[in-house]
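Quick notes on the structure that follows.
Set out below in structure tokens:
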């Protein structure tokens, strides 16, 4: 599944993106993983209206890494984690 992400604002220390189609589950997962990075100062998201559920993620760093790089790193880590989980799950249900 390909997810389109729309960049609303980007500076050296701040990234604001809209993530159409994402729900609270994905946004919370991204937020919690981002906050484990020591260079991430703020990682949160807002849904402005529940009937038009387009989450907006806000990521701010200390400048030692870019918010985009921090987000890419989290996405790569979660992708690997879920591949590992899938492998373990399939092995367990055989």
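Numbering (the numbering used here), first residue to last: 86 to 179.
Backbone N, C-alpha and C define an ideal beta-carbon position, used for all residues, glycine too.
Note that the structure is predicted; figures quoted are calculated from it, not measured.
Buried or exposed (CB count within 10 angstroms, at least 16 for buried), residue i
| i | result |
| --- | --- |
| residue 93 | exposed |
| residue 130 | buried |
| residue 102 | buried |
| residue 155 | buried |
| residue 121 | exposed |
| residue 178 | exposed |
Cross-strand partners of residue i (DSSP beta bridge)
| i | result |
| --- | --- |
| residue 94 | 101 |
| residue 157 | DSSP output for residue 157 lists no bridge partner at all. |
| residue 131 | 141 |
| residue 146 | 125 |
C-beta atoms of residue i and residue j nearer than 8 Å
| i | j | result |
| --- | --- | --- |
| residue 176 | residue 146 | no |
| residue 114 | residue 163 | yes |
Residue i versus the options, residue with shortest Cα-Cα distance
| i | options | result |
| --- | --- | --- |
| residue 133 | 142, 162, 156, 160 | 142 |
| residue 186 | 156, 106, 89 | Here the chain has residues from 86 to 179 only, and residue 186 is not among them. |
| residue 139 | 112, 96, 174, 167 | 112 |
| residue 123 | 151, 168, 108 | 151 |
Same chain only: Cβ atoms within 6 Å of residue i, ignoring 5 sequence neighbours per side
| i | result |
| --- | --- |
| residue 153 | 100 |
Residues near residue i by beta carbon distance below 7 Å, same chain, minus five either side
| i | result |
| --- | --- |
| residue 126 | 145, 146, 147 |
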